[in-house]
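Structure first, commentary second.
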């Protein structure tokens, strides 16, 4: 008789249930109508089942986004958990789509579902990848731009996990500043 | 309470298991 360990049949639960969203830029529709929920998951195995099934970011058409957010948080500034928040923003050069985009996005997903920021993970709302012709962007959204300790910890761990060289600075910007900016750049509230 | 934390190696190892 073969003894089967629970490891072999019980899925590994995640701390949070997550929702993956897809945004496709169709100018004939409203912004909200272009945003679709793909699926939710709350185990490691179901995360991989979903990830293995969908297109890599680098294969998406320009103007598309993936958003991974905690269940109950919508991937928009207006959500109660986002409206006082902000994001750590990684901007990629055009050349980095081939070299880094998919690797950085997967690393971002692993940071979220694995709760890589310890107790500061509670400040995380989600993450977004924007595929754009002028340069792709990846960001981790947190809930309150005044929570400096949490934000700085998240930024340091995230930068390390992505393998961003120490001399390269990444910035955290509040959604309010991003929404009301006048030029093409938003001022950083924090940098690491 | 306790937080369920998985490091990247564990998560990546789970990808290839059936």
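Protein chains in written order, with my numbering: chain S, 1 to 192; chain Y, 193 to 210.
The beta-carbon is built from N, C-alpha and C at its ideal position, and this holds for glycine as well.
Separation of residue j from residue i, as counted between CA atoms
i, j, result
"residue 132(S)", "residue 145(S)", "26 Å"
"residue 195(Y)", "residue 179(S)", "34 Å"
"residue 204(Y)", "residue 48(S)", "9 Å"
"residue 30(S)", "residue 2(S)", "57 Å"
"residue 174(S)", "residue 5(S)", "47 Å"
"residue 24(S)", "residue 38(S)", "12 Å"
"residue 185(S)", "residue 151(S)", "20 Å"
"residue 108(S)", "residue 127(S)", "7 Å"
"residue 7(S)", "residue 206(Y)", "11 Å"
"residue 172(S)", "residue 11(S)", "35 Å"
"residue 161(S)", "residue 32(S)", "32 Å"
Element boundaries [beta strand (DSSP E), containing residue i]
i, result
"residue 67(S)", "65 to 70"
"residue 130(S)", "124 to 130"
"residue 38(S)", "35 to 43"
Per DSSP, cross-strand counterpart(s) of residue i
i, result
"residue 86(S)", "142(S) and 174(S)"
"residue 190(S)", "172(S)"
Own chain, CB closer than 6 Å to residue i, minus 5 neighbours either side, in chain order
i, result
"residue 59(S)", "none"
"residue 130(S)", "65 and 137"
The alpha helix (DSSP H) enclosing residue i, as first and last residue numbers
i, result
"residue 16(S)", "That residue, residue 16(S), is in no alpha helix (DSSP H); its beta strand (DSSP E) goes 13 to 23."
"residue 107(S)", "102 to 113"
Inter-stretch contact (C-beta, 8 Å, three-pair minimum) for the stretch 90 to 97 of chain S and the stretch 116 to 124 of chain S: no
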